[in-house]
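Residue numbers (UniProt numbering): 1 to 144.
Dropping the structure here:
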């Protein structure tokens, strides 16, 4: 299943990209508190990122790898281990528009219970998460 969400951010692409492609920025705009296991201070192709986050009362473990990285344009992280997803591929796109940035999250995902569950429950979960992430992202970057 695919999900896509785009926002315009009042900050230059260099600031938005460096914020999003860093453990500090990820932690600030992720909708749950993060406990790092392996965060790599500088993310690039091949970086393995591992963290836990609390979802309601349960700690979730997530391991992802940066598989594509072009500074100020895009990067992709592919989930290696995570719950509740069987598959979660996350593509981040950055487009400069003057002193602003068009930022797009594109996700390919599966919960592993079939297309109907992905289209209903999966999209509801993803939509909620990325609405919060985009709100947090705009809030964090409004100072630039």
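Using N, Cα and C, we set each Cβ at its ideal position, and we do this for glycine too.
Are the beta-carbon atoms of residue 160 and residue 11 separated by less than 9 Å?
Summary: the structure shown does not reach residue 160, with the chain confined to residues 1 through 144, and so no result is reported for it.
Can you list, in chain order, the residues of its chain with a C-beta nearer than 7 Å to that of residue 138? Leave out the 5 residues immediately preceding and following it.
Indexing the chain shown from 1 puts residue 138 at position 138. Correct list, in chain order: 7 and 9.
Given 8 Å as the limit, is there contact between the stretch 119-127 and the stretch 17-24, that is, 3 or more CB pairs closer than that?
Contact between the stretch 119-127 and the stretch 17-24 is absent: fewer than 3 CB-CB pairs across the two stretches fall below 8 Å.
In this structure, does DSSP put residue 19 in helix, strand or coil?
If you number the chain shown from 1, residue 19 lands on position 19. Three-state result, residue 19: helix.
Going by DSSP, which residues form a beta bridge with residue 74?
Within the chain shown, residue 74 is the residue found at index 74, counting from 1. The bridge partners DSSP lists for residue 74 are 70 and 93.
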